[in-house]
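Some notes on the structure that comes next.
Numbering (this note's numbering), first residue to last: 232 to 720.
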């Protein structure tokens, strides 16, 4: 049998449940991520006969589990890998090692048990296996007469701690060498707080995500202008803007962006009368007086962890801190922790005409505090829902995003809710690279891959990305094998 061989245990037909196994030889394999299935992907997993938490494949040859980043669709099943018999290291970046226990603590309490002793045992099992790796550091996993396997993590620009994975495989008996790269979730644009990724020098085989493989994002300037415009309209109409957000990554970027907008609005002109006159001429509202509510205890925990990881921020953000301004803190930001306060805010915004921005936990609107806001406000045209991230097929967020502008409805917790609120999407805030960014990641290598496996995307996204890559290779007269993976591959 010719090695390496790749098997896909998740995110081959959709964008959740990421889990890929690299068989390096007959005795040794490597697991890249082990995430939770969501939306239609979860239904497909059940249909296939597997519990969404079950490890349905053998881990007998797995030498290590590599975590590319700590989003739940990449790490949600991680604790079940040791339970299935795995006793090796869980490799991740140093920031991810700090963030992963927070993610798993929340996931365990929501999905399994709130018993603190059981939670602590669960987390201890994972932490005993964690091996944090510095970026750009080669880690030797296997060294034998048959195989030398080394692993290196590089910044992926998706969220803090995210990484793409380089695996260097040498077979001493034949002298063959293969370089395999797993992109994980990858972002090519300059995201707030994050250092930009750099393409690897080479890859023989590339596993490439394709979440947005069929479209192009807005640039940073356009996305900020659209964010301001959406909020300006809401302020003028005394409306509320609801923003769903993943507790880690997107929430911190939004805090950064909103802080920048409010800071710039507060700076000029300094004279109060001139400021009021300027707002009148521009037909804008008073941003510095706007209430921004962050309603997600988990996001608050992550933000505190982000602050402790400032050495991993980009230069611009670190310079702001050095100048005495925390880029994620502004005086009109209110954080909500208790459930009672959460209920009070929902009731207040539902019953009064009050301009506000609410960032609530629940990235795909299938759970978390955003659901209570949606139940209370979707039927009222005074409110607006702003989507700033990918919504997996079959999730509540995807249904609202697709059918809301058509006057449709969505079912939340088994009840039907008509959608009369305004629905807006801003693609430029996605933490995933668009088609051009993904192609640039490939062409940025000195030695382009001869085989690319397109994963982590819907069928159209995978097909269009594959077509774009083939066109690029033809223009450079290079040969390429592209596999847009399907079930069973």
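For glycine and all other residues, C-beta sits at the position ideal for the given N, C-alpha and C.
Can you tell me whether DSSP reads residue i as helix, strand or coil?
{"i": "residue 702", "result": "helix"}
{"i": "residue 717", "result": "In this prediction, residue 717 scores a pLDDT of 49, lower than 50, which makes its location untrustworthy; the coordinate-derived value is nonetheless stated afterwards. Coil at residue 717, not helix or strand."}
{"i": "residue 385", "result": "strand"}
{"i": "residue 552", "result": "helix"}
{"i": "residue 532", "result": "helix"}
{"i": "residue 692", "result": "helix"}
{"i": "residue 413", "result": "strand"}
{"i": "residue 431", "result": "coil"}
{"i": "residue 505", "result": "Per-residue confidence for residue 505 stands at a pLDDT of 47, beneath the threshold of 50, marking its modelled position as unreliable; no derived number is given."}
{"i": "residue 581", "result": "helix"}
{"i": "residue 348", "result": "helix"}
{"i": "residue 640", "result": "strand"}
{"i": "residue 408", "result": "strand"}
{"i": "residue 495", "result": "helix"}
{"i": "residue 635", "result": "helix"}
{"i": "residue 304", "result": "helix"}
{"i": "residue 455", "result": "helix"}
{"i": "residue 234", "result": "coil"}
{"i": "residue 450", "result": "coil"}
{"i": "residue 626", "result": "coil"}
{"i": "residue 558", "result": "coil"}
{"i": "residue 488", "result": "helix"}
{"i": "residue 707", "result": "coil"}
Which residues does DSSP list as the beta-bridge partners of residue i?
{"i": "residue 471", "result": "587 and 614"}
{"i": "residue 260", "result": "254 and 293"}
{"i": "residue 241", "result": "250"}
{"i": "residue 321", "result": "296 and 361"}
{"i": "residue 526", "result": "567 and 591"}
{"i": "residue 654", "result": "616"}
{"i": "residue 440", "result": "686"}
{"i": "residue 398", "result": "382 and 411"}
{"i": "residue 370", "result": "382"}
{"i": "residue 648", "result": "641"}
{"i": "residue 678", "result": "433"}
{"i": "residue 476", "result": "592"}
{"i": "residue 425", "result": "544"}
{"i": "residue 665", "result": "443"}
{"i": "residue 309", "result": "DSSP output for residue 309 lists no bridge partner at all."}
{"i": "residue 482", "result": "None; residue 482 has no bridge partner."}
{"i": "residue 712", "result": "682"}
Check the C-beta distance from residue i over to residue j and give it rounded, since I have them as a contact under 8 Å.
{"i": "residue 620", "j": "residue 660", "result": "7 Å"}
{"i": "residue 617", "j": "residue 461", "result": "6 Å"}
{"i": "residue 387", "j": "residue 380", "result": "Contact doesn't hold; Cβ gap of about 21 Å is too wide."}
{"i": "residue 400", "j": "residue 378", "result": "7 Å"}
{"i": "residue 559", "j": "residue 454", "result": "Between residue 454 and residue 559 the Cβ distance is about 18 Å, and since that is not below 8 Å, they are no contact."}
{"i": "residue 252", "j": "residue 233", "result": "Contact doesn't hold; Cβ gap of about 16 Å is too wide."}
{"i": "residue 615", "j": "residue 639", "result": "Not a contact, Cβ separation roughly 16 Å."}
{"i": "residue 678", "j": "residue 432", "result": "7 Å"}
{"i": "residue 662", "j": "residue 416", "result": "7 Å"}
{"i": "residue 337", "j": "residue 529", "result": "5 Å"}
{"i": "residue 695", "j": "residue 444", "result": "6 Å"}
{"i": "residue 438", "j": "residue 684", "result": "5 Å"}
Check this for me: beta carbons of residue i and residue j, under 9 Å apart or not?
{"i": "residue 569", "j": "residue 522", "result": "no"}
{"i": "residue 669", "j": "residue 440", "result": "yes"}
{"i": "residue 357", "j": "residue 370", "result": "no"}
{"i": "residue 366", "j": "residue 391", "result": "no"}
{"i": "residue 482", "j": "residue 599", "result": "no"}
{"i": "residue 411", "j": "residue 235", "result": "yes"}
{"i": "residue 527", "j": "residue 476", "result": "yes"}
{"i": "residue 442", "j": "residue 246", "result": "yes"}
{"i": "residue 296", "j": "residue 262", "result": "yes"}
{"i": "residue 303", "j": "residue 347", "result": "no"}
{"i": "residue 536", "j": "residue 484", "result": "no"}
{"i": "residue 574", "j": "residue 524", "result": "no"}
Would you mind working out which of the options sits nearest residue i, comparing C-alpha positions?
{"i": "residue 436", "options": "255, 271, 450 and 474", "result": "255"}
{"i": "residue 693", "options": "715, 705, 675 and 706", "result": "715"}
{"i": "residue 375", "options": "258, 459 and 367", "result": "258"}
{"i": "residue 335", "options": "322, 324 and 351", "result": "351"}
{"i": "residue 324", "options": "572, 576 and 364", "result": "364"}
{"i": "residue 326", "options": "534, 691 and 650", "result": "534"}
{"i": "residue 601", "options": "492, 445 and 589", "result": "589"}
{"i": "residue 312", "options": "329, 360 and 571", "result": "360"}
{"i": "residue 611", "options": "459, 433, 541 and 580", "result": "580"}
{"i": "residue 666", "options": "446, 684, 565 and 542", "result": "446"}
{"i": "residue 456", "options": "709, 658 and 675", "result": "658"}
{"i": "residue 632", "options": "473, 405 and 444", "result": "473"}
{"i": "residue 305", "options": "343, 604, 647 and 413", "result": "413"}
{"i": "residue 711", "options": "687, 674, 300 and 353", "result": "674"}
{"i": "residue 420", "options": "706, 697, 680 and 664", "result": "664"}
{"i": "residue 294", "options": "301, 315, 260 and 314", "result": "260"}
{"i": "residue 430", "options": "672, 713, 709 and 702", "result": "672"}
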